[in-house]
Amino acid sequence: MAPSSSKADKKGAADAAAWMFNVVTSVGIIIVNKALMATYGFSYATTLTGMHFATTTLMTGVLRWLGYIQSSHLPFPELLKFVLFANFSIVGMNVSLMWNSVGFYQIAKLTMIPVSCLLEVLFDKIRYSRDTKLSIGVVLLGVGVCTITDVSVNAKGFIAAFIAVWSTSLQQYYVHYLQRKYSLNSFNLLGHTAPAQAATLLVLGPFLDYWLTNKRIDTYDYSAVSVMFIVISCTIAVGTNLSQFICIGRFTAVTFQVLGHMKTILVLIMGFFFFGKDGLNLHVVLGMIIAVVGMIWYGNASSKPGGKERRSLSLPTSRPQKQSNLSESDEHDGKV
Numbered sequence: 001m002a003p004s005s006s007k008a009d010k011k012g013a014a015d016a017a018a019w020m021f022n023v024v025t026s027v028g029i030i031i032v033n034k035a036l037m038a039t040y041g042f043s044y045a046t047t048l049t050g051m052h053f054a055t056t057t058l059m060t061g062v063l064r065w066l067g068y069i070q071s072s073h074l075p076f077p078e079l080l081k082f083v084l085f086a087n088f089s090i091v092g093m094n095v096s097l098m099w100n101s102v103g104f105y106q107i108a109k110l111t112m113i114p115v116s117c118l119l120e121v122l123f124d125k126i127r128y129s130r131d132t133k134l135s136i137g138v139v140l141l142g143v144g145v146c147t148i149t150d151v152s153v154n155a156k157g158f159i160a161a162f163i164a165v166w167s168t169s170l171q172q173y174y175v176h177y178l179q180r181k182y183s184l185n186s187f188n189l190l191g192h193t194a195p196a197q198a199a200t201l202l203v204l205g206p207f208l209d210y211w212l213t214n215k216r217i218d219t220y221d222y223s224a225v226s227v228m229f230i231v232i233s234c235t236i237a238v239g240t241n242l243s244q245f246i247c248i249g250r251f252t253a254v255t256f257q258v259l260g261h262m263k264t265i266l267v268l269i270m271g272f273f274f275f276g277k278d279g280l281n282l283h284v285v286l287g288m289i290i291a292v293v294g295m296i297w298y299g300n301a302s303s304k305p306g307g308k309e310r311r312s313l314s315l316p317t318s319r320p321q322k323q324s325n326l327s328e329s330d331e332h333d334g335k336v
């Protein structure tokens, strides 16, 4: 019992550390990007994301040179599909935020959990218990009460939100799928995908940003402070990209989405500390309480026998001889 308990404790500690890493980097990049865009007028979100992936590519290149990343294989068709999903996700989210009200944008983001569940049911033959389904519903209700304000819908905004939700859900599902199938850890997968995303976003980004904002990046008035914020944003983004892959590898896309809403709650709480009680009202506090209860319930329900289980054999990998020691995602397949 002792070795098993020790192993479970280590896994729990590693899972908590991975999630906290994701929380810190995600919240950090939100704060830096908000300052960069709102205060210094750098409104080129897609191009900035391309810079993020270029920095991540540099990091993986250095780690490969130092021997920390081993050579691995990812077929080009798989890489192409991932890059299409990921880039449509980035552009779709930016366009959705621009064309929709904040309320509808939040509703669209909430639908990523049921979409991710559907993908797991269809492709991984996952079966959820009644308690697990109800707990997800409670999380969605709580976050909705916290964040949804005005809701107005238009045709082009709905289409943008639809593309954003499905492409993001597919991208997150695909992270877990590729790690399992090709025995890739988070660094290896980033080493394959980051260069392709950097290249495509740096080429297409300026045109998309001009289309969305009517501003050209070559006319931006760079200053020492704005450049410093861009460098900080790119540095934090390396951690954000890596932590996303680590978390989805250790958990699953659905659990990653559920935990992701905890970041929404934390950002709201931080806002109360930094900006006073302006946004504090009864329905926001009630929503927070409901969401946190739902997240705790989800954690308990999904970890119980039958709470979330595969109805058929696990996805075969392209390296059968390594099935006993796959990537971190299979090693911890109790599992987002």
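One point on numbering: in UniProt numbering, the residue at position 299 of the sequence shown is 299, and numbering is uninterrupted. By construction, the Cβ of each residue, glycine as well, lies at the ideal position given by its N, Cα and C atoms. Owing to the predicted nature of the structure, the values given are computational and were not obtained by experimental measurement.
Per DSSP, which one or two residues make a beta bridge with residue i?
i: E78; result: DSSP output for E78 lists no bridge partner at all.
i: K308; result: Y128
So what does DSSP say about residue i, is it helix, strand or coil?
i: R180; result: helix
i: Y128; result: strand
i: S169; result: helix
i: H192; result: helix
i: G142; result: helix
i: S314; result: With a pLDDT of 48 at S314, under the threshold of 50, the modelled position of that residue is not reliable, and no figure is offered here.
i: T252; result: coil
i: N33; result: helix
i: I296; result: helix
i: Y68; result: coil
i: D221; result: coil
i: residue 376; result: Within the shown structure, residues of the chain are numbered from 1 to 336, placing residue 376 beyond reach of any answer.
i: H283; result: helix
i: T149; result: coil
i: S186; result: helix
With burial defined as no fewer than 16 other Cβ atoms inside 10 Å of the residue's Cβ, what is the status of residue i: buried or exposed?
i: V121; result: exposed
i: H261; result: buried
i: W19; result: buried
i: I269; result: exposed
i: A160; result: buried
i: N300; result: exposed
What residues in its chain sit with their C-beta under 6 angstroms from that of residue i, if we drop five residues either side in the sequence?
i: L170; result: F85
i: residue 343; result: Since the first and last residues shown for the chain are 1 and 336, residue 343 lies out of range.
i: T25; result: I236, G239, T240, S243
Leaving out the 5 sequence neighbours to the left and right, which residues in its chain are closer than 7 angstroms to residue i when beta-carbon positions are compared?
i: V32; result: F229, I232, S233, I236
i: I290; result: V138, L141, G142, V145
i: A164; result: S89, G92, M93, S96, A108
Apart from the five residues just before and just after residue i, which ones in its own chain have a Cβ nearer than 8 angstroms to its Cβ?
i: T56; result: L190, A194, A198, A237, V238, N241, L242
i: M288; result: G142, C146, I265, L268, I269
i: D218; result: P206
Quiz prompt | Three CB pairs or more closer than 8 angstroms across the region 204-214 and the region 41-52 | solution = With a cut-off of 8 angstroms, the region 41-52 and the region 204-214 count as touching, because enough Cβ pairs lie within range.
Quiz item: Do the region 187-205 and the region 70-77 meet, that is, are 3 or more Cβ pairs less than 8 angstroms apart?
Solution: Contact holds between the region 187-205 and the region 70-77, because three or more Cβ pairs, one in each stretch, are under 8 angstroms apart.
Practice problem: Please confirm if the region 172-179 is in contact with the region 116-132, defined as three or more CB-CB distances below 8 angstroms between the two stretches. | Solution: A contact exists between the region 172-179 and the region 116-132.
Practice problem: Check whether the region 133-148 touches the region 101-117, taking contact to mean three or more Cβ pairs, one atom from each stretch, closer than 8 angstroms. | Solution: The region 133-148 vs the region 101-117: in contact.
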